[in-house]
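Asks: In UniProt numbering, the protein residues as written are 1 to 60. Beta carbons: idealized from backbone N, C-alpha and C, even for Gly. Before anything else, here's the structure in question.
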């Protein structure tokens, strides 16, 4: 999992989803189980991720 990067969409309903982009998973041959772990972790930390996004994009 340390070599896998996933681009995640933070949805308005409080869920996360894999971004609809060709490069949403890097490397492209990443283990499916690693992607699931990352998405699960993103869901568990949804509020923290939203706060970070807002701080980064000055939307607070």
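Are three or more beta carbon pairs between the region 38 to 50 and the region 6 to 25 nearer than 8 Å?
Replies: Yes, the region 38 to 50 touches the region 6 to 25.
Asks: What are the boundary residues of the beta strand (DSSP E) that includes residue 18?
Replies: From DSSP, the beta strand (DSSP E) with residue 18 extends over 16 to 18.
Asks: Looking at C-alpha atoms only, which residue of 46, 6, 43, 45 is the closest neighbour of residue 28?
Replies: It is 6.
Asks: What are the boundary residues of the alpha helix (DSSP H) that residue 47 is part of?
Replies: Start and end: 46 to 56.
Asks: Is the beta carbon of residue 50 less than 8 Å from the beta carbon of residue 11?
Replies: No. Outside cutoff.
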